[in-house]
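K.L.:
Below is one structure. I have some questions about it.
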Amino acid sequence: MKKLLSLTVMLMLLVTTFLISGCLPPNYSKEQAKKIAQEHRQEALNWFATNMPNAKPDSEVEAYETGTDLYGAVKGNYKRDGKSHKFVYEYTDKKMYIDEGYEETCKIIEATVLKDFGYTKDESVVSFHGYKFKAKNENDNPRKNRFQDNAVPPKVLYSYQEKLIPADKTPEQFAKAILAPNTEENFDFYIHLYRDNFPEQQLEKQKKYQNLRSIWCSTKIDLTKQPQGIYEKVYLTDKITDRYYHIEKINDGLYAGYISFTGFPAKGDKLKIDYKEGKHLTLTIPEGAKPIIFSKNSMNLVQYFKNTKGDTIHNIAEELFKTSIPGVKGYHQYSTELFVKDNLSYGYSHLTVPLVKGVYTYKILGIFDLDYWKLKFFD
Numbered sequence: 002m003k004k005l006l007s008l009t010v011m012l013m014l015l016v017t018t019f020l021i022s023g024c025l026p027p028n029y030s031k032e033q034a035k036k037i038a039q040e041h042r043q044e045a046l047n048w049f050a051t052n053m054p055n056a057k058p059d060s061e062v063e064a065y066e067t068g069t070d071l072y073g074a075v076k077g078n079y080k081r082d083g084k085s086h087k088f089v090y091e092y093t094d095k096k097m098y099i100d101e102g103y104e105e106t107c108k109i110i111e112a113t114v115l116k117d118f119g120y121t122k123d124e125s126v127v128s129f130h131g132y133k134f135k136a137k138n139e140n141d142n143p144r145k146n147r148f149q150d151n152a153v154p155p156k157v158l159y160s161y162q163e164k165l166i167p168a169d170k171t172p173e174q175f176a177k178a179i180l181a182p183n184t185e186e187n188f189d190f191y192i193h194l195y196r197d198n199f200p201e202q203q204l205e206k207q208k209k210y211q212n213l214r215s216i217w218c219s220t221k222i223d224l225t226k227q228p229q230g231i232y233e234k235v236y237l238t239d240k241i242t243d244r245y246y247h248i249e250k251i252n253d254g255l256y257a258g259y260i261s262f263t264g265f266p267a268k269g270d271k272l273k274i275d276y277k278e279g280k281h282l283t284l285t286i287p288e289g290a291k292p293i294i295f296s297k298n299s300m301n302l303v304q305y306f307k308n309t310k311g312d313t314i315h316n317i318a319e320e321l322f323k324t325s326i327p328g329v330k331g332y333h334q335y336s337t338e339l340f341v342k343d344n345l346s347y348g349y350s351h352l353t354v355p356l357v358k359g360v361y362t363y364k365i366l367g368i369f370d371l372d373y374w375k376l377k378f379f380d
């Protein structure tokens, strides 16, 4: 019953937040969306008949919209050469966007940029967030929210980040347009490096590619030999930010400490560990830092503290997602955090809790401890 009431209150607060911020209802009516789909359906189908006669588009289309806005475009699917594909037709400028060629475009961009920077494929991962095209604002019910009392609704909107490219360009042509200086195309991508050390920033090259939003570099960390230092640098065109870690060995199978997203802690590298017989663990870390724990064996960790009312709050430390990086053997990245050598198997963390002022106390529970399963499934 307690859990049901909490869920109900949470949903009510969520709905209230959306209403206050102007996110609900949307800026368009369902009738307007249906009208657009009906009026521009044949245009999209005619495009295929003229420009891609060997494709078979679905007979029905939908208006292109986000959760709040309606665009001057329709979307649908088509089949060609036995494969199903997505399309969006922007009817004001009569532009068609398709998913064929998107992956090839990304590969061309990746190869070009890595070669220019001198990064190898084995040490690099280039991630693409998709293409954002422009379309006319077709909202029929624009609503101003509390942050936009004097705002004029824009005449043109940007789309979601879509895995699409313009149908009138080949992947080679579109990749060239994306990488061109002063490009007007919006096609975000990022480079992530995994290396033994940090490279020097190549600022002029980084500025040249306007769609390259940032370069991230994670260094390989062996916690048995490197208990602290900078674990990641983020290269932006206006600055370089450092991310710092300090993790100490408790025993052969357990390491604990913190990570700081703002570099070396402003108030000093404070780390104190109190470990009691495999049952309790207390970490004292800089305020604002994030606790992190690594172990060889799976653990059930529950952080507990008292809130301002004196009630005891419990947070289960979630296991960090572990992934390998192609080309880099013997190391795994935990979530989006440290890139650690494979002498450990599990990583745990949770959100920073400002109320505890850097003191995190944990219960270490076994699989037969009912408290853990009660917290996980019932409280």
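In the numbering used here, the protein residues as written are 2 to 380. Cβ atoms here follow ideal geometry from the backbone N, Cα and C, with glycine treated the same way.
(1) Could you check whether Asp197 and Arg214 sit closer than 7 Å to each other, using their CB atoms as the reference points?
(2) Helix, strand or coil, according to DSSP, for Ala136 in the structure here?
(3) Is the separation between the beta-carbon of Gly289 and that of Leu272 shorter than 7 Å?
(4) Do you know how far the Cα of Thr225 is from the Cα of Asp343?
(5) Output the distance between the C-alpha atoms of Lys307 and Lys280, rounded to the nearest integer angstrom.
(6) Among Thr171, Tyr210, Asp141, which has the Cα closest to the Cα of Lys36?
(7) DSSP three-state call for Glu320: helix, strand or coil?
(8) Helix, strand or coil: how does DSSP classify Ile37 here?
(9) Measuring CB to CB, does Leu46 end up less than 7 Å from Pro58?
(10) What span of residues does the alpha helix (DSSP H) with Tyr103 cover, start to end?
(11) Between which two residues does the alpha helix (DSSP H) containing Lys208 stretch?
(12) First and last residue of the alpha helix (DSSP H) that includes Pro172?
(13) Identify, in the order they occur along the chain, each residue of the same chain with its Cβ nearer than 6 Å to the Cβ of Ser128, setting aside the five sequence neighbours on each side.
(14) If we ignore side chains and look at the alpha-carbon of each, how far apart do Pro182 and Glu205 end up?
(15) Using only the alpha-carbon positions, how far apart do Leu8 and Phe378 sit?
(16) Cα separation between Lys414 and Ile109?
(17) Just to confirm the assignment, what range does the beta strand (DSSP E) spanning Asn78 have?
(18) Ignore the nearest five residues each way along the sequence and tell me which others in Asn316's own chain have a CB closer than 6 Å to its CB.
(19) Output needed for Ser85: all residues of its chain with C-beta closer than 8 Å, excluding positions within five of it in sequence on either side, in chain order.
(20) Mind checking whether Leu339 and Ile222 have CB atoms under 7 Å apart?
(21) If you run the structure through DSSP and keep just helix, strand and coil, what is Thr67?
(22) Roughly how many angstroms separate the alpha carbons of Thr31 and Lys133, rounded to a whole number?
(23) Can you tell me whether DSSP reads Gln162 as helix, strand or coil?
(24) CB-CB under 7 Å to Gln203, same chain, minus the five flanking residues each way: which ones, in chain order?
(25) Could you name the residues of the same chain whose beta carbon sits closer than 6 Å to that of Lys4, not counting the 5 residues immediately before and after it, in chain order?
(26) Please classify Glu288: does DSSP put it in a helix, a strand, or coil?
(27) Got a sec? Which residues, its chain only, sit under 6 Å from Lys310 by beta carbon, not counting five neighbours each side?
(28) Which class does Pro167 belong to by DSSP, given the choice of helix, strand or coil?
(29) In terms of residues, what are the limits of the beta strand (DSSP E) holding Tyr191?
(30) Name the DSSP beta bridge partners of Thr362, please?
(31) Closest by CA to Ile382, which one among Tyr245, Lys277, Thr313, Pro287?
(32) Does Lys234 come out as helix, strand or coil in the three-state DSSP assignment?
P.N.:
Judging by the given coordinates:
(1) Not in contact: Arg214 and Asp197 (Cβ atoms no closer than 7 Å).
(2) Secondary structure of Ala136 (DSSP, three-state): strand.
(3) The Cβ-Cβ distance between Gly289 and Leu272 does not fall below 7 Å.
(4) Their backbone Cα atoms lie some 11 Å apart in a straight line.
(5) Taking C-alpha positions only, Lys307 is separated from Lys280 by approximately 19 Å.
(6) For Lys36, the closest C-alpha among the options Thr171, Tyr210, Asp141 is that of Asp141.
(7) Glu320: strand per DSSP, three-state reduction.
(8) Ile37: helix per DSSP, three-state reduction.
(9) Their beta carbons are under 7 Å apart, which means Leu46 touches Pro58 by this criterion.
(10) First-last of the alpha helix (DSSP H) with Tyr103: 103–118.
(11) Counting along the chain, the alpha helix (DSSP H) containing Lys208 begins and ends at 204–209.
(12) Note, Pro172: alpha helix (DSSP H), 172–180.
(13) Same-chain partners within the cutoff: Tyr191.
(14) Cα-Cα distance, rounded: 12 Å.
(15) Only weak support is given to the placement of Leu8: the predicted model assigns it a pLDDT of 44, under 50, and the question is left unresolved by the model.
(16) Shown here, the chain extends from 2 to 380; a query on residue 414 therefore has no answer.
(17) 71–81 is the span of the beta strand (DSSP E), which, as asked, contains Asn78.
(18) Excluding residues within five positions, the ones whose Cβ falls inside 6 Å are Gln304, His351.
(19) In chain order, Asn78, Tyr79 place their CB closer than 8 Å to the CB of Ser85, counting only its own chain and leaving out the 5 sequence neighbours on each side.
(20) Yes. Within cutoff.
(21) The DSSP-derived three-state label of Thr67 is coil.
(22) First, the amino acid is wrong: residue 31 is Lys here, not Thr. Each residue's Cα considered, the two are about 24 Å apart.
(23) Coil.
(24) Hits under 7 Å: Phe118.
(25) For Lys4, the predicted structure reports a pLDDT of 40, less than 50, and the residue's modelled location is therefore unreliable. A value from the coordinates is still provided. So the list is empty, once near-sequence residues are dropped.
(26) Correct three-state label for Glu288: coil.
(27) Within the same chain, no residue comes within 6 Å of Lys310 by CB-CB distance, once the 5 residues on both sides are set aside.
(28) Pro167 carries a strand assignment under DSSP once its states are collapsed to helix, strand and coil.
(29) Going by DSSP, Tyr191 is part of the beta strand (DSSP E) stretching over 187–196.
(30) Answer by DSSP bridge pairing, in chain order: Thr283.
(31) One cannot answer for residue 382 here, as it falls past the ends of the chain, which runs 2 to 380.
(32) In the three-state reduction of the DSSP assignment, Lys234 falls in the strand class, which pools E and B.
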